[in-house]
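Asker:
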DNA sequence: CGTATAGTTGATTAGTATCAACGCTAGTGG
DNA sequence: CCACTAGCGTTGATACTAATCAACTATACG
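Residue numbers (our numbering), protein chains in the order written: chain D, 448 to 700; chain U, 448 to 700.
#1: Is there a Cβ of chain D sitting closer than 8 Å to that of residue 647 of chain U, yes or no?
#2: Establish whether the CB of residue 551 of chain U and some CB of chain D are separated by less than 8 Å.
#3: What span of residues does the beta strand (DSSP E) with residue 547 of chain D cover, start to end?
#4: Along the alpha helix (DSSP H) that carries residue 694 of chain U, what are the first and last residues, could you check?
#5: State the Cα-Cα distance for the pair residue 581 of chain D and residue 495 of chain D, rounded to the nearest angstrom.
#6: When the cut-off is 8 Å and only beta carbons count, does residue 705 of chain U lie next to chain D?
#7: Looking only at DSSP bridge pairs, what is residue 679 of chain D linked to?
#8: Can you tell me whether residue 523 of chain U is helix, strand or coil according to DSSP?
#9: Mind pulling the chain U residues with CB within less than 8 Å of residue 696 of chain D?
#10: I'd like to check one pair, residue 644 of chain D with residue 693 of chain D: are the Cβ atoms closer than 8 Å?
#11: Anyone know if the C-beta pair for residue 598 of chain D and residue 595 of chain U falls short of 8 Å?
#12: Taking only beta-carbon positions, decide if residue 622 of chain U is within less than 8 Å of chain D.
#13: Tell me the rounded alpha-carbon separation between residue 615 of chain U and residue 586 of chain D.
#14: For residue 591 of chain D and residue 501 of chain D, what's the separation of their Cα atoms in angstroms?
#15: If we count Cβ pairs, one from each stretch, closer than 8 Å, do we get three or more for the region 635–642 of chain U versus the region 669–686 of chain U?
#16: Compare the C-beta of residue 474 of chain D against all C-beta atoms of chain U and say whether one is closer than 8 Å.
#17: So residue 565 of chain U is in the beta strand (DSSP E); what residue range does that whole segment cover?
#18: Would a C-beta distance cut-off of 8 Å place residue 488 of chain D and residue 514 of chain D closer than the cut-off?
#19: Return no unless some Cβ of chain U is closer than 8 Å to the Cβ of residue 591 of chain D.
#20: Exposed or buried, what is residue 573 of chain U when buried is set at 16 or more other beta-carbons lying within 10 Å of its beta-carbon?
#21: With burial defined as no fewer than 16 other Cβ atoms inside 10 Å of the residue's Cβ, what is the status of residue 527 of chain D: buried or exposed?
#22: How about residue 656 of chain U and residue 612 of chain D: are their beta carbons less than 8 Å apart?
#23: List the whole-angstrom C-beta distance separating residue 407 of chain D from residue 525 of chain D, where the pair is believed to meet the contact cut-off of C-beta under 8 Å.
#24: By the three-class DSSP mapping on this structure, what secondary structure does residue 699 of chain D have?
#25: I want to verify the contact list: residues of chain D whose CB lies under 7 Å from the CB of residue 601 of chain U, in sequence order.
#26: Across which residues does DSSP place residue 551 of chain D in a beta bridge pair?
#27: Going along chain D in order, which residues have a C-beta closer than 8 Å to the C-beta of residue 595 of chain U?
#28: Ends of the alpha helix (DSSP H) at residue 671 of chain D?
#29: Nearest chain U C-beta to residue 626 of chain D closer than 8 Å, yes or no?
#30: Which residue from D:663, D:635 and D:690 puts its Cα closest to that of residue 672 of chain D?
#31: Residues of the region 560–582 of chain D with a CB closer than 8 Å to any CB of chain U: list them in chain order, please.
#32: Mapping the DSSP letters down to three states, classify residue 497 of chain D as helix, strand or coil.
#33: Should residue 663 of chain D and residue 648 of chain D be called a contact, given that it needs their Cβ atoms to be closer than 8 Å?
#34: Listing by chain order, which chain U residues have their CB less than 7 Å from the CB of residue 543 of chain D?
#35: Can you have a look at residue 565 of chain D and say buried or exposed, based on whether 16 or more other CB atoms are within 10 angstroms of its CB?
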């Protein structure tokens with residue numbers, strides 16, 4: 448396992464990677480504002496948060512921590528895509544979530560992470576020690592609320608995924624997956640249609656509870672039906688969102 | 448839908464169903480202590496909580512709210528079993544959780560419940576308005592922390608269930624299910640073996656992403672193999688927990 | 001340009017769903 | 001008190017979706 452360069456949490460938190468984290472209404476705070484916890488916080492609060500964090504840029508396919516590791520840190524994504532997954536002893540894998548900029552992860556119950564976290568693309572990551580973040584949460588009620596809201600949102604998303612995994616067909620799963628990615632773009636004010644698929648077919652399969660082959664075949668079927676387009680393997684065009692939505696809900700073909 | 452008798456949240460919260468909620472170190476506060484939020488709170492804090500709640504006893508098969516309903520309340524279970532589920536338009540159902548005494552539910556993101564909640568057995572339920580609970584959370588940091596911890600715990604459980612639904616075989620699912628119920632008993636200091644199954648086979652099937660028939664057959668197989676016993680349809684005896692655990696993890700038969 | 005990896009497509013198999021019948025238990029009414 | 005009925009659970013036969021096994025193609029990399 449690659450030793451990742453986070454080892455400076457307490458050493459020099461204020462200046463790192465060219466970011467001066469202490470100058471309030473500047474480029475740097477805008478960057479911090481991007482990160483998960485900071486929605487609706489004041490600049491002063493963000494500054495306190497920023498001084499507790501550790502920022503790093505990682506290449507693709509880096510493991511941040513493994514399921515069962517002592518949960519020392521909470522993470523936040525500034526840019527890039529990550530995956531969280533659980534493994535069975537025989538190698539079966541379930542990806543419990545793909546994460547993007549603004550997402551938070553690393554919360555743990557009994558001191559151990561419940562999943563492995565790995566970068567899918569190069570990514571800029573912030574990291575806070577649980578200890579420091581706990582203190583800050585106590586001092587900044589809005590931060591506490593924000594983190595709670597994020598946990599509740601994650602829970603609702605997980606429940607939606609349980610419906611997908613337990614009750615949907617392969618076609619419905621793939622359609623739901625594409626729509627979810629598209630929705631996320633729309634929420635961020637970006638065009639909803641050419642959806643980037645930075646993850647491999649294997650990752651998609653392990654996220655949807657399918658095999659690589661079934662994912663590939665289903666993409667092809669949807670393409671043949673004219674519902675989607677696949678200009679490249681890692682870009683999907685949502686040609687008919689309406690129909691795709693019907694398919695994802697079991698109403699359509 | 449049955450109109451459930453909760454309509455007194457603001458009317459007379461202090462005295463209801465024979466419970467005097469204002470006398471601190473008495474039977475009633477012990478009852479309240481049972482409920483979800485109250486772990487690690489002082490009697491004073493519990494009293495403030497209790498004065499905001501509304502308590503009721505419900506029969507089996509009562510719907511408390513439906514997916515999409517305006518999320519007005521947060522609920523806590525004092526006794527009994529409930530199920531939370533999501534429905535698709537064609538009737539396919541995924542139960543996202545069975546809940547027992549001490550569990551909390553009804554947290555919502557965008558003002559709407561993400562699932563339907565229904566009693567499986569007769570149950571004693573507490574209810575708080577989101578409005579009041581939000582205020583109390585602000586006033587009682589420990590409450591805020593407790594609810595956050597519960598949300599994180601629920602999230603980890605949901606992720607574990609995603610692994611089950613996405614990657615486990617029918618046998619592994621049923622074994623995991625029985626072990627989970629058994630573990631819960633053990634954590635509460637009760638004998639881990641005769642596990643009560645208050646829910647129907649249909650409920651178990653919709654929880655495990657299987658059909659009634661597959662659940663039934665799998666119970667029979669495990670019984671034939673001598674791993675479990677089924678004295679009645681709604682009681683399971685865990686004969687060989689070790690083997691059951693191996694099965695649930697894909698290590699065993 | 002050759003090789004390795006990811007993705008696609010095809011043939012077959014396996015696990016679970018579906019369809020169907022039967023048995024058991026509990027509640028009901030004579 | 002006992003027969004009747006309804007609903008739940010079990011068991012069996014068959015069908016079907018997605019997994020597995022296998023081959024091939026396209027893309028990226030040295």
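We put the CB at the ideal spot given by N, CA and C, even for glycine.
Answerer: On the basis of the supplied data:
#1: Not an interface residue.
#2: It does not; no Cβ of chain D falls within 8 Å.
#3: No beta strand (DSSP E) contains residue 547 of chain D, which DSSP labels as neither H nor E.
#4: Counting along the chain, the unbroken alpha helix (DSSP H) around residue 694 of chain U starts and ends at 688–695.
#5: Spanning the two alpha carbons is a distance of roughly 13 Å.
#6: Lying before the first or after the last residue shown, residue 705 of chain U is absent from chain U, which here runs from 448 to 700.
#7: Answer is D:682.
#8: The answer is strand: DSSP assigns residue 523 of chain U an E or B state.
#9: Within 8 Å Cβ-Cβ: 535 and 536.
#10: Cβ atoms of residue 693 of chain D and residue 644 of chain D: not closer than 8 Å.
#11: In contact: residue 598 of chain D and residue 595 of chain U (Cβ atoms closer than 8 Å).
#12: Chain D contact via Cβ: absent.
#13: Distance between residue 615 of chain U and residue 586 of chain D, taken at the CA atoms: about 43 Å.
#14: Each residue's alpha carbon lies about 20 Å from the other.
#15: Taking a contact to require three or more Cβ pairs closer than 8 Å, the region 635–642 of chain U and the region 669–686 of chain U qualify as touching.
#16: Model confidence at residue 474 of chain D stands at a pLDDT of 36, short of 50, so the residue's coordinates are unreliable; what they give is reported in the following sentence. Nearest CB-CB separation between residue 474 of chain D and chain U: not below the 8 Å threshold.
#17: 563–566 is the span of the beta strand (DSSP E), which, as asked, contains residue 565 of chain U.
#18: No; because the gap between Cβ atoms is not below 8 Å, this pair is not in contact.
#19: Answer yes: the Cβ-Cβ gap between residue 591 of chain D and chain U drops below 8 Å somewhere.
#20: Buried, by the Cβ-count rule.
#21: Flag for residue 527 of chain D reads buried.
#22: Yes; because the gap between Cβ atoms is below 8 Å, this pair is in contact.
#23: This structure gives no information on residue 407 of chain D, because the portion of chain D shown stretches from 448 to 700.
#24: Assignment of residue 699 of chain D by DSSP, reduced to helix, strand and coil, places it in the coil class.
#25: Within 7 Å Cβ-Cβ: 602.
#26: For residue 551 of chain D, which the question treats as bridged, DSSP gives the partners D:523.
#27: Simply 591, 594, 595 and 598.
#28: Taken as a continuous stretch (DSSP letters only), the alpha helix (DSSP H) holding residue 671 of chain D covers 659–671.
#29: Closer than 8 Å: no.
#30: Ranking the options by Cα distance to residue 672 of chain D, first place goes to D:690.
#31: Residues 561 and 562.
#32: Residue 497 of chain D: helix per DSSP, three-state reduction.
#33: Contact: yes.
#34: Per Cβ cutoff of 7 Å: 606 and 609.
#35: Buried, because 16 or more other Cβ atoms sit within 10 Å of the Cβ of residue 565 of chain D.
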